[in-house]
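Comments concern the structure below.
Residue numbers (this note's numbering): 6 to 279.
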């Protein structure tokens, strides 16, 4: 499906990458970063403010529960962090084991523990207004994380796609100026909503590539990487480079290190305690 506007939010991993790349190619990444910074500064607690983010997160959680994703340790970690909705009961399954977490290529963030000797905050501090969406990085780091992720996903697409037949999820008319400039906060909410899917999907894809046979073709849907790409929303025959092997693709995925994944989690507005 080709979307006519960037306000039509992504519903799978491929669309999430295409959405971010579309903003980058239309010159809106700096503006998106600024809009996300403003979003994190919001201290309004009305339900309307979070409605779109919650809607996207719910669909992301449902998507990540599908076969091909939910069995990946990195995905299971994100599933535990995404909130449940009582009207849409979702079973995540048993918590990840220590072994599974270690197998997640260090894509999880280390637990934050209290340090000895740190004084307890004054009670008055707890009554100060707090932003709705938590984060632990500076405004500049938020903007850099978004810009870096857009750059890396643009490079990744160019490495894995079949350039002549690849179908972009967003029409060429779906630009920052046309879609997001009038409503930058909406696009910021979309990004925050899809960031967990980008983090989980990217970590899982690197993990699968590392443990797949290096001679496999990434366009072979009967093999590990090809099967995952198909579940991610790619049309194997139309979108994926038929000649690329897993061995080469591993190198293409080397950007997805601990820092990259943690930065995506930071800008997702989710807790960082797993």
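Ideal Cβ placement from N, Cα and C applies to all residues, glycine included.
- For residue 27, the enclosing alpha helix (DSSP H) has its first and last residue at 18-30.
- If the five residues before and after residue 153 are omitted, its C-beta is found closer than 8 Å to the C-beta atoms of 265, 268, all from its own chain and listed in chain order.
- Excluding five sequence positions before and after residue 198, the CB atoms of its chain that fall closer than 6 Å to its own CB belong to 58, 61, 62, given in chain order.
- Annotated three-state conformation of residue 191 is helix, per DSSP.
- Here the alpha carbons of residue 274 and residue 45 stand approximately 8 Å from one another.
- Partner residues in a beta bridge of residue 178, as assigned by DSSP, do not exist.
- The alpha-carbon separation between residue 177 and residue 160 amounts to approximately 18 Å.
- In this chain, the alpha helix (DSSP H) harbouring residue 252 covers 251-257.
- At least 8 Å separates the beta-carbon of residue 241 from that of residue 248.
- When the beta-carbon positions are compared, residue 219 and residue 191 stay at least 8 Å from each other.
- In this chain, the alpha helix (DSSP H) harbouring residue 58 covers 52-69.
- For residue 8, the secondary structure class from DSSP, reduced to helix, strand or coil, is strand.
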